[in-house]
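Enquirer:
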Amino acid sequence: MILRVRALSKSYQGRPALSGIEAEVERGETIALVGPSGGGKSTFLRCLNGLTSFDEGEVQIAGLSLAPRTSPDDPALRPLRERVGMVFQGFHLFPHLSALANITLAPAHVRREEREAAEQRARALLQRVGLGDRGDAMPAQLSGGQQQRVAIARALAMQPEILLLDEPTSALDPEMRGEVLNVLRDLAGACTMLVVTHEMSFARNVATRIWVFDQGRLVEDGTPEQVTEHPRSDRARSFFRPSG
Amino acid sequence: MAIGTAFSLAFLLLGSGLTRIRAQGEIRWAGDLQGGEPYVFRDPRDPAKLVGFEVDLMDALARRLGLPARFVQNDWSNLVPSLERGDFDLIVNGLEDTAALRGRILLSRPYFTFAEQLVVRKGSTLRTLDALKGHRVGTLASSLAHQILRSRPGIEGVLYGGQEEPYLDLQLHRTDGVLLDSVIAARYGLTKPDLEMADPDVARGTYVIGLRKGDDDLLVKVNSILEGLETDGELKRIDERWHLPVLPAAAAASSPPADEPPPATVDLAQVILFLQGAGLTVIISFLAMALAVPLGLLLALSRMYGRAPVRLLSHAYVELFRGTPVLLQLYILYYGIAPVVHLSALAAAILGLGLNYGAYESEVHRAALQSVPPGQGEAAAALGFSRWQALRLVLLPQALRTALPAMTNDLIALLKDSSLVSVITVVELTKQMTITAVDVRSWALPGALCAGLYLLMSYPLARLAARLEARLQGPVEQAVAVAAT
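In order, the protein sequences belong to chains A and B. Each residue of the first sequence is one higher than the last, beginning at 370 in my numbering. Each residue of the second sequence is one higher than the last, beginning at 917 in my numbering.
1) Let me know the alpha helix (DSSP H) ranges lying completely inside the stretch 983 to 1007 of chain B, each 4 residues or longer, listed in chain order.
2) Could you check where the alpha helix (DSSP H) with B/Tyr-1083 kicks off and where it finishes?
3) Say whether chain A places a C-beta atom closer than 7 Å to the C-beta of B/Ala-1208.
4) Just the C-alpha distance for B/Gln-989 and B/Leu-1380, rounded to the nearest angstrom, thanks.
5) So for A/Asp-442, helix, strand or coil by DSSP?
6) Identify whether B/Ala-1174 lies in helix, strand or coil by the three-state DSSP scheme.
7) Can you check whether the C-beta of A/Phe-463 is within less than 7 Å of a C-beta belonging to chain B?
8) Are the C-beta atoms of A/Ala-475 and some chain B residue less than 7 Å apart?
9) Opposite A/Lys-379 in the DSSP bridges: which residues?
10) Looking at the C-beta of B/Pro-1321, does it have a partner C-beta in chain A at a distance below 7 Å?
11) Between B/Gly-1212 and B/Ser-1278, how many whole angstroms is the CB-CB distance? I'm expecting something under 8 Å.
12) Beta-carbon of A/Gly-459 versus every beta-carbon of chain B: anything under 7 Å?
13) Locate the alpha helix (DSSP H) running through B/Leu-1207, then write down its first and last residues.
14) Which class does B/Pro-963 belong to by DSSP, given the choice of helix, strand or coil?
15) Strictly under 7 Å for the Cβ-Cβ distance: is B/Val-1226 near chain A by that measure?
16) Could you work out which residues of chain B lie near A/Asp-442, taking near to mean beta carbons separated by less than 8 Å?
17) Is B/Leu-1377 closer than 7 Å to B/Ile-1328 when the C-beta atoms are compared?
18) So the alpha helix (DSSP H) B/Thr-1014 belongs to, where does it begin and stop?
19) Would you call the stretch 937 to 951 of chain B and the stretch 998 to 1005 of chain B in contact, with 3 or more CB pairs under 8 Å?
20) Compute the Euclidean distance between the alpha carbons of B/Ser-1170 and B/Leu-1214, then round it to the nearest angstrom.
21) Specify the secondary structure class of B/Tyr-1276 as computed by DSSP and reduced to three states.
22) The beta strand (DSSP E) that contains B/Gly-1093, what's its start and end?
23) How would you list, in chain order, the residues of chain B whose beta-carbon sits under 7 Å from the beta-carbon of A/Met-569?
24) Applying the 10 Å Cβ sphere with the 16-neighbour rule, what's the burial state of A/Gly-558?
25) Just to confirm, is the Cβ distance from B/Val-1234 to B/Ala-1275 under 7 Å?
26) Is the beta carbon of A/Ile-472 sitting closer than 7 Å to the one on A/Ala-491?
27) Leaving out five residues before and five after A/Glu-393 in sequence, what residues of the same chain have Cβ atoms less than 8 Å from its Cβ?
28) Between A/Phe-413, A/Ala-386, A/Gly-514, which lies nearest to A/Trp-580 when the distance is taken from Cα to Cα?
29) I'd like to check one pair, A/Val-552 with A/Val-519: are the Cβ atoms closer than 7 Å?
30) Could you check the C-alpha separation between B/Ser-1302 and A/Asp-442 for me, to the nearest Å?
31) Can you list, in chain order, the stretches of the beta strand (DSSP E) that have 3 or more residues and sit fully within the stretch 1105 to 1150 of chain B?
32) With distances taken between CB atoms, is the gap from B/Thr-1091 to B/Asp-1097 smaller than 7 Å?
33) Does the separation of the CB atoms of A/Ala-401 and A/Ala-526 fall below 7 Å?
34) Looking only at its own chain, which residues have a Cβ that is under 8 Å from the Cβ of B/Gln-1087, when we skip the five neighbours before and after it?
35) Which term fits A/Ala-486, buried or exposed, when burial requires 16 or more other beta carbons within 10 angstroms of its beta carbon?
36) Run through the DSSP bridge pairs and tell me what B/Glu-1032 is partnered with.
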């Protein structure tokens, strides 16, 4: 088991944002986190690598445990973050570095890899996300879809045991979403992924399980078929069949 | 009324000083209160009242003129240009009779004769100007003593704006002698226990009243009154009341003021002095900025990421250095802490400007760091970077790019602010200009030369700032290329 979450709760100034989340993920799974905006799915994802702290509960991830109320700046989080990759909605590529340098920066400085080896792997990763020829391009010269693919390669360069993706296609035009989703489809199975997404077809066709978040609760946890065809909660029912 | 105005205007144009002051209903005379005792200064018991031997002299002069006298405060080094502008009618403030001055304004008969006196530290073996060759000797800028020092090749004259500072620096071993007139030497130099007279009569000079060119009738009147004051003993009584030093008995002065050099012209030698001044301006500005930028970064980082006491300290530093005049900071660095930390003038200048600009640069750094999107820090943290690594590899390279145009602009400002260091005896470009202006009796050419040199230095920087700014708004990779060079 690569992720185990027990009784995780968090509130912002007395307003509960996450309440009593229980979840488990096996290696190689692809989980789609869906649900209405403000339902808590992004907050939950950020709790898993300590970018957001939680108030109560327990997180076991990639063999490490994360305690409640750990400051996002706590140096103790660094080994965890080496094993848990993250991709953001807004890409957040480093604008002063080329695509290749974006990918090699963390391996070179966090894992102290040889420059040569890091670059070789970065080139392979660029190839894998379909950007083998754009290594020297600066982020501003790349389209949004290309930037997000570089960001995925950057996260993969740390060889994470689990990859967290926070709405990776929401900031993209429809035609660019496809290229990013294709990359994720190729990754599925090879890498454990948690993807916060609004792409229902991706959730149905690629995810091994779908989690539905609503009002800070994990209201549905099952295979795509179970969740979309036979939802147990009213909320999930109305979410997947807004018209009926 | 209109006719009256027209008449007084006509008198002004005709340049009849006597008629003008009668139309004014008063005679305006100028001095610098900073000159202090015993010339003209505020009565310590009643600061609203001015006292001094020149106040008594003017009271006597005004009484005999039949007009009230009014004092006008004016910076000492600019008394002559202000007189020429028409800000007042007379200069009465220890003005020395020199050939250079004679060519420019009218001078009255003397109202006081003094000796130029050389003061040294007690026990010093360097007791004559000849012995002081190769040494530093302090004096007031544009004074007769300054001219004497310049006529002695080998002596390095150090110029001050006030009378106290030359003796302070002598005490501090920054100079090996001070040449100033007997009035100043008696009040400010010999009152210090560790200083003593080395040569009481290096040369002689006189204090005279300065009048605008064209005020010849007023000059005749002033001279006749001064003569009257002298013959009936009133001048002597005033001198005695203020305990002005009596001339030493020694008859002939070793170098009479008559052998002073003819007025200078703006020639190659002057231009070289200007270039040296400009060089010093560049050195001071760039070194001060080289200190200010890393200091500012340190301050900004302590303020943004430090623990509470560090944050408070850095905040206090910025407010203190931004909230007090840099002139005061320079004074404190050079004179205030001299008993503890003995800095050379150049070091104090660079350090003072650097410490001051550090406060401003810290705000530039801080704004630039805050302008980096928060997602950048999160992305770095999510990749496992330590806070320091994130700062060094991700945040600072981006912030520096934003800060660069602002810093270039600050460097231009610093280039001009560096003229302030002349108060601590550094002769940079602006100071050189004012010295030359007095020498050649004109501000026009030295002023233009000075302005030209400043423009020559600041214009390339202004262009650089504009280019950096343009690239900041343009594609990122260009800005990076610039930041890397």
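Note that CB positions come from ideal geometry on N, CA and C, so glycine has one too.
Expert: Judging by the given coordinates:
1) 995 to 1001
2) 1080 to 1087
3) no
4) 43 Å
5) coil
6) Note on B/Ala-1174: pLDDT 44, under 50, position unreliable in the model; no value is reported.
7) yes
8) yes
9) A/Leu-387
10) no
11) 4 Å
12) Yes, A/Gly-459 lies at the interface with chain B (some Cβ there is under 7 Å from its Cβ).
13) 1184 to 1221
14) strand
15) B/Val-1226 does not count as touching chain A.
16) Ala-1297, Arg-1303
17) yes
18) That residue, B/Thr-1014, is in no alpha helix (DSSP H); it is neither H nor E in DSSP.
19) yes
20) Reliability of the predicted coordinates at B/Ser-1170 is poor, the pLDDT of 46 falling under 50, and the value obtained from them is presented with this limitation in mind. Distance between the alpha carbons of B/Ser-1170 and B/Leu-1214 is about 58 Å.
21) helix
22) 1093 to 1097
23) Result: empty, since nearest Cβ-Cβ is about 26 Å, beyond 7 Å.
24) exposed
25) Judged by their CB atoms, B/Val-1234 and B/Ala-1275 are nearer to each other than the 7 Å cut-off.
26) yes
27) Met-370, Leu-372, Arg-373, Val-374
28) A/Phe-413
29) A/Val-519 is not a Cβ neighbour of A/Val-552, given a cutoff of 7 Å.
30) Whole-angstrom Cα-Cα distance: 8 Å.
31) 1111 to 1123
32) In this structure, B/Asp-1097 does not lie closer than 7 Å to B/Thr-1091 by Cβ.
33) Cβ atoms of A/Ala-401 and A/Ala-526: not closer than 7 Å.
34) Arg-1037, Lys-1108, Asp-1110, Leu-1111
35) exposed
36) Answer is B/Asp-1097, B/Ala-1119, bridged to B/Glu-1032.
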